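Residues in the sequence shown are numbered consecutively from 3, following the working numbering. We put the beta carbon where it would ideally sit given N, CA and C, even for glycine. Owing to the predicted nature of the structure, the values given are computational and were not obtained by experimental measurement. Here's the structure, in structure tokens; my notes come after.
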Amino acid sequence: MPDTPAESPADMQTPDRPTWDIFCRVIDNYGDLGVCLRLARDLARRGVQARLWSDDLSPLAWMQPEPVDGLACRPWADSVRAEPGDVVVETFGCELPDSFVAAMAARSSTPAWINLEYLSAESYVERSHGLTSPQFSGPGAGLEKRFFYPGFNDRTGGLLREPGLIDAADAHDGGAWLAVRGWAPAPGERVLSLFAYPHAPLAAFLDALGPGWLLLLCPGAPQQALPPLLRPGQRAIALPRLSQADYDRLLWSCDLNLVRGEDSFVRAQWAGRPMLWQIYFQDDGAHGPKLEAFLAQSMAGAPAPLRARWGALSRAWNGLAPWTPEAAEALRELPVAAAHARAWRAGLAAQADLTARLQAFAGLPGGA
Ligand code: TRH
């Protein structure tokens with residue numbers, strides 16, 4: 003994917019297809035690039051010419067090994083020679099190159115300049131979504147930057163959800179998919195996927211989980227740290243890095259998904275299965291209220307015992323509360339959690355998706 007052919011149609015601007023430039027800096031891990039890739043790919047599949055500019059394209063070799071028609075992935079530094087497209091998306095406050103901003107200001111029809119922010123269920127998102135920032139000085143003087151906040155309701159920018167996603171998840175034969183790869187559970191075993199940061203409380207989780215589980219470990223520190231901690235009746239398999247498409251299929255195949263960051267967290271919600279989120283840790287403690295805001299929204303319609311237990315489990319998994327019997331109880335009532343996960347997903351899926359909202363926000367055809 004980093005070697006998307008230079009002659010890719012996405013490099014050439016044509017009047018009938020709007021061109022979008024999406025800029026991404028990789029801070030750490032894979033989430034920022036993962037989100038940008040999903041957005042760029044979704045736009046390309048909806049007929050947009052999408053260019054993804056990033057300072058690290060190397061993870062695309064496994065996230066998206068096949069080329070995507072209409073999508074070009076380019077090194078950040080090459081943007082100095084590019085003519086800006088119709089829409090420019092600055093993701094997660096990554097600060098566009100001055101030369102590119104100057105070229106935006108010089109363009110005969112001004113591009114829409116959109117700052118795509120991180121996902122949160124906190125109330126500031128609804129207040130901040132759509133705010134503008136006129137540029138009075140610098141290379142972009144005269145331009146206006148607008149802020150787009152993803153979120154979980156109609157007063158926000160929504161969630162990335164490409165057309166057909168829910169149907170594909172529901173039609174997926176998880177048992178067969180796992181079996182072909184040698185990752186199938188034994189009869190009577192349940193299966194979970196685990197994608198976690200190095201500080202995850204693995205030993206306490208395994209105690210709470212109990213026997214009868216196959217754990218599919220995604221790449222990361224837990225692949226080494228977890229196997230020696232396994233309790234009787236638990237086994238683990240270390241997985242290779244999967245493409246984003248196959249990672250989705252993994253989520254659709256499991257009884258429980260442990261996810262992290264932003265993108266895997268969203269994808270697990272689209273899987274419609276019980277999901278335990280390890281939030282990205284922030285030194286200032288901002289992750290605590292962010293987790294609570296998500297729990298409050300996502301569990302609002304859940305039966306009270308599930309709400310209490312899943313909340314206890316989520317706080318314990320994130321080191322925000324001790325492990326209690328209540329937290330372990332949550333893992334004993336997965337059918338109830340699964341029913342709620344499907345109901346939560348149905349509510350989200352009834353809303354317009356992020357790409358459609360972003361297209362409308364940019365003022366271009368195809369939006370919701
Ligand atoms: O990797 P993450 O922790 O990402 C981020 C970053 O840390 C970022 O700086 C921070 O701001 C953000 O979290 C909140 O987790 P995330 O967001 O789930 O991204 C992982 C990506 O990797 C996602 O797009 C799914 C993809 N992936 C695969 O494609 N194959 C795999 O096998 C796995 C495990 C993940």
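Where PRO327 is concerned, the enclosing alpha helix (DSSP H) starts and stops at 327-332. The three-state reading of DSSP puts PHE296 in helix, counting H, G and I together. As computed with DSSP, ASP23 is found in a beta bridge with ARG53 and VAL90. By a beta-carbon distance limit of 8 Å, TRP78 contacts SER56. Their separation comes to about 6 Å. Look at the beta carbons and you see the stretch 261-278 touching the stretch 18-37: at least three pairs across the two are nearer than 8 Å. Counted as a single uninterrupted DSSP element, the stretch harbouring MET301 is not any alpha helix (DSSP H), since DSSP gives it neither H nor E. In the three-state reduction of the DSSP assignment, PRO69 falls in the coil class, being assigned neither a helical nor a strand state.
Bounds of the beta strand (DSSP E) holding ALA240 are 236-240.
Judged by beta-carbon spacing, GLY160 lies within the 8 Å limit of GLY153, meaning their Cβ atoms are closer than that value. The stretch 98-179 contains, as complete beta strand (DSSP E) runs of 3+ residues, the segments 114-118, 134-136 and 146-150 (chain order). Taken atom to atom, the span from the alpha-carbon of ARG43 to that of VAL70 is near 7 Å. Counting along the chain, no alpha helix (DSSP H) covers TRP215; the unbroken beta strand (DSSP E) around it starts and ends at 215-219.
Beta-bridge annotation (DSSP): TRP279 is paired with VAL261.
Contact fails between the stretch 163-172 and the stretch 122-138, because fewer than three Cβ pairs, one in each stretch, are under 8 Å apart. Looking at ASP172, MET301 and ARG311, the one whose alpha-carbon comes closest to that of CYS256 is ASP172.
Our two residues, VAL82 and GLY365, have alpha carbons roughly 26 Å apart in a direct line.
Pairing ALA188 with LEU217 gives a Cβ-Cβ distance that is not under 8 Å. DSSP places ARG192 within a strand segment (E or B) once states are collapsed to three.
By DSSP's assignment, ARG76 forms a beta bridge with TRP55. TRP319 is a Cβ neighbour of PRO203, given a cutoff of 8 Å. Judged by their CB atoms, ARG109 and HIS131 are not nearer to each other than the 8 Å cut-off.
DSSP places HIS201 outside both helix and strand once states are collapsed to three, so it counts as coil.
Going by DSSP, CYS96 is part of no alpha helix (DSSP H) at all; its letter is neither H nor E.
Using a 10 angstroms sphere on the CB of ASP88, the tally of other CB atoms reaches 16 or more, which defines it as buried.
Judged by DSSP in its simplified three-state form, ALA348 adopts helix. Between the stretch 332-346 and the stretch 223-241 there are fewer than three C-beta pairs closer than 8 Å, too few to call the two in contact.
Annotation: MET106 to SER60 spans about 27 Å, alpha carbon to alpha carbon. Close CB contacts of HIS201 within its chain, under the 8 Å cut and outside five residues either way in sequence, are with PHE283 and GLY321 (chain order).
Taken from the Cβ of GLN284, every heavy atom of the ligand TRH lies 7 Å or farther away. In terms of side-chain proximity, the C-beta atom of ILE29 is found nearer than 7 Å to a non-hydrogen atom of the ligand TRH. Separation of the CB atoms of ILE24 and VAL91 is rounded to 5 Å, and the pair is thereby assigned contact status at 8 Å.
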